[in-house]
Amino acid sequence: MAEIDWTALKSAATEMTRRSYAPYSQYRVGAAAVTTDGRVVTGCNVENESYGLTLCAECGLISQLQASGGGRLAGFVCVNADGEAITPCGRCRQLLMEHGGPDLLVYSPAGIVTMREMLPQAWGLPKEDAQ
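To convert a position in the sequence shown, counted from 1, into the working numbering, add 72.
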């Protein structure tokens with residue numbers, strides 16, 4: 073895997089905020105990640121009036137990952153509509169852990185951290201990531 077272009081990932085995530093559907097909260101979120109084979113996958117939040125059925129940007133990103141052939145995530149960015157880095161919610165941290173593993177690099181408000189740092193003691197990891 074080549075060096076991760078964090079500027080390009082952040083730009084892709086920011087572009088995704090423009091595609092988000094957030095009529096209730098007005099809080100637009102975009103996400104972008106690069107896979108270990110170099111593909112870029114993206115997602116945006118899609119709200120639902122029942123709130124509990126709202127889809128986070130990370131959910132859309134993981135759906136695109138699977139729909140485009142699967143694989144593993146190497147680097148991940150999530151931003152608000154102002155392009156500021158935000159951290160994934162708990163559900164989405166688990167999704168990212170399962171599809172990127174503990175060494176997935178995450179661009180966060182605190183800088184670049186691993187999923188291991190962001191989600192210590194994650195629920196059962198896929199066998200190849202268990203340590």
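Yeah, the Cβ is synthetic: ideal placement off N, Cα and C, and Gly gets one too.
CA-to-CA distance, residue j to residue i, given in whole angstroms
i	j	result
I134	Q98	23 Å
R91	C116	7 Å
S122	Y96	10 Å
R165	Q193	12 Å
V113	D77	14 Å
Pair within 8 Å by beta-carbon distance, residue i and residue j
i	j	result
C128	C161	yes
C150	V101	yes
L81	G147	yes
L167	M187	no
Buried/exposed call for residue i, threshold 16 Cβ in 10 Å
i	result
L137	buried
G141	exposed
G124	exposed
T89	buried
T79	exposed
Opposing strand residues paired with residue i [DSSP bridges]
i	result
T114	A104
S180	G183
Y93	V118
L145	T107
L127	V118
Reference residue i; option with closest CA among the options
i	options	result
P174	C164, P181 and E189	E189
D109	E170, E75 and G155	E75
E170	V112, W78, G143 and R111	G143
A153	A94, W78 and T79	A94
A103	E119, R111, N120 and A84	A84
G172	E119, A139 and L145	L145
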